[in-house]
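Residue numbering for the sequence shown follows our numbering, starting at 2 and increasing by one per position. Input: a single structure, listed below in structure tokens.
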Amino acid sequence: MTAELLTAPPIAETIKVWLVEWMAKELEMPADEINTSQSLLDYSLSSMTAMMLVGSLEDWLGLEIVPTLVWDYPTIDDLVAYLAEEVKAAGKGIPNGAAGNGAVPADLDSLSEAEMDALLSQLMN
2 MTAELLTAPP IAETIKVWLV EWMAKELEMP ADEINTSQSL LDYSLSSMTA MMLVGSLEDW
62 LGLEIVPTLV WDYPTIDDLV AYLAEEVKAA GKGIPNGAAG NGAVPADLDS LSEAEMDALL
122 SQLMN
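This is how it looks when you write it as structure tokens:
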């Protein structure tokens, strides 16, 4: 399996899980009711909540994000694609999951087999 196949899915999946959990918490609804291909505006996301999302993403990812992010990328799927590319371009790892305990390294090629096994185990849990 190539590093490309290992790098993209964990980053995108971690961001998607974080976004769904954040939205579910803010909107006080079950995470399994969040449709990642549906417009965030369909969930009655207010301007204030959208700004809180941008601020939370900036804090979590350690990236500067434009305030119009939610309008530029109106679905969670769109946000995930954009943010995963931004994280890769920045050469950073990202916090693992909503709790932010751990990081997905940007360069998986540098990991030993034991480190890779540990990371995959952590991501699977």
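Backbone N, C-alpha and C define an ideal beta-carbon position, used for all residues, glycine too.
Report yes if the C-beta distance between residue 37 and residue 78 is below 9 Å; otherwise report no. Residue numbering aside, residue 37 sits at position 36 when the sequence shown is read from its first letter. Residue numbering aside, residue 78 sits at position 77 when the sequence shown is read from its first letter. Yes.
Could you say which of 31, 39 and 64 lies nearest to residue 92 if we only look at CA atoms? Within the sequence shown, residue 92 is the residue found at index 91, counting from 1. Of 31, 39 and 64, the residue nearest in Cα terms is 64.
Residue 103 to residue 15 span [Cα, whole Å]: Stepping through the sequence shown from its first residue, residue 103 is reached at position 102. Stepping through the sequence shown from its first residue, residue 15 is reached at position 14. Residue placement at residue 103 cannot be trusted, given a pLDDT of 43 that sits under 50; what the coordinates show is reported in the next sentence. Rounded to the nearest angstrom, the two C-alpha atoms are 11 Å apart.
Under 9 Å between C-beta atoms of residue 35 and residue 24: If you number the sequence shown from 1, residue 35 lands on position 34. If you number the sequence shown from 1, residue 24 lands on position 23. Yes, Cβ-Cβ distance for residue 35 and residue 24 is below 9 Å.
Could you pull the start and end residues of the alpha helix (DSSP H) that residue 32 belongs to? Taking the sequence shown and counting its residues from 1, the one referred to as residue 32 is at position 31. Residue 32 -> no alpha helix (DSSP H), and no H or E assigned at all.
Simplified DSSP assignment, three categories, for residue 57: Along the sequence shown, read from residue 1 onward, the residue named residue 57 stands at position 56. Here residue 57 sits in helix by DSSP.
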